[in-house]
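Scroll down for the structure; my scribbles are underneath it.
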Amino acid sequence: MEFEYETKTGSLRVYTPREIDECAASELRSEVDMLIDNYQIRRLIFDFMNTEFMDSSGIGMLIGRSRKMGYSGGCVEADHLNERVQKIFTLAGLPKLISVVKEEVYD
Amino acid sequence: MIRQQAQEMSLRFDSYPENEQFARMAVSAFLMDLNPMVDEMADIKTAVSEAVTNAILHGYEGVIGQVYLACKKQGADVEVTITDYGKGIDDIEKAREPFFTTRPEAERSGMGFAFMEAFMDEVHIASTPGRGTCVKMKKRLQLPVRE
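So the protein sequences, as listed, match chains A and B. For the first sequence, the positions run 13 to 119 when our numbering is used. For the second sequence, the positions run 6 to 152 when our numbering is used.
Set out below in structure tokens:
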């Protein structure tokens, strides 16, 4: 599985896959950690625009990255959560650890 | 078409993590004809994923064993049973507590059973240490009224 990502000085945006289960979570974990270390990332953004499904393995991965970034004084954000992913976030109390980017509402 | 008599399916698969996706897809394909709401289907898929992940990671702990999945639908009632013959759960009450995990070092969130309970109407766990675990989950779908 390959993930798309973008880096700008000190900042990394990771486009998460369609489904985040144990398989995807463990690949994201190792790949993102490598990028954080190699590019001295201070701001990590998970972009969920392609993600339709996430289970608690994804939660574990996100909590782990938030801790890792916390140690180095960095921050983690989540962008483009669909309703489903938002529900999972809320249920797991993730918004306390990860700042969720508020969607702009178009009427 | 909604039949009133029960329909069942069952599967047996190797405990490779890749098969979590297969298990989710099989259950959702089996329930497709009930035409569940998108959110209900996602609830069931998440619960299946949690139970199968538990069987694979905690039941068999990386050793390849067999996971058994059975699904029954009757009217609006859905029942999913996931069984493994792995190491079992020592303390089921503890395992049900949100954020409890036996493997914090592996970044497990400890939310598996909490998610199953949040997304299904009933979750029954039977487990014998050294023998295995069986999780039975039920959910009643909100079927649209059809004449």
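Virtual Cβ for every residue (Gly too), placed ideally from N, Cα, C. Here the structure is a predicted model, which is why all the values come from computation and not from measurement.
At a cut-off of 8 Å, the C-beta of P22(B) has a neighbouring C-beta in chain A.
Contact annotation: F58(A) and N94(A) have beta-carbon atoms that are not nearer than 8 Å.
DSSP places T58(B) within a helical segment (H, G or I) once states are collapsed to three. In this structure C139(B) does not touch T106(B) by the C-beta definition: roughly 20 Å separates them, more than the 8 Å allowed. Proximity of the region 91–101 of chain B to the region 33–53 of chain B falls short of the contact definition, fewer than three beta-carbon pairs being nearer than 8 Å. In this structure, R136(B) lies away from F118(B), with their beta-carbon atoms at least 8 Å apart. As DSSP reads the structure, Q71(B) sits in a beta bridge with D19(B). In the DSSP assignment, I57(A) falls within the beta strand (DSSP E) that extends over R55 to D59.
Classified as buried, V44(A) has 16 or more neighbouring CB atoms from the shown chains inside 10 Å of its CB. Counting the other CB atoms within 10 Å of its CB gives N50(A) a total below 16, which places it among the exposed residues. Remark: three or more beta-carbon pairs, one from each stretch, lie closer than 8 Å, so the region 9–24 of chain B and the region 65–85 of chain B are flagged as touching. Sequence-distant Cβ neighbours of G82(A) in its own chain, meaning closer than 7 Å and more than five residues away, do not exist here.
Straight across, the Cα-Cα distance linking P103(B) with G22(A) is about 34 Å. Listed as beta-bridge partners of G86(A) by DSSP are no residues whatsoever.
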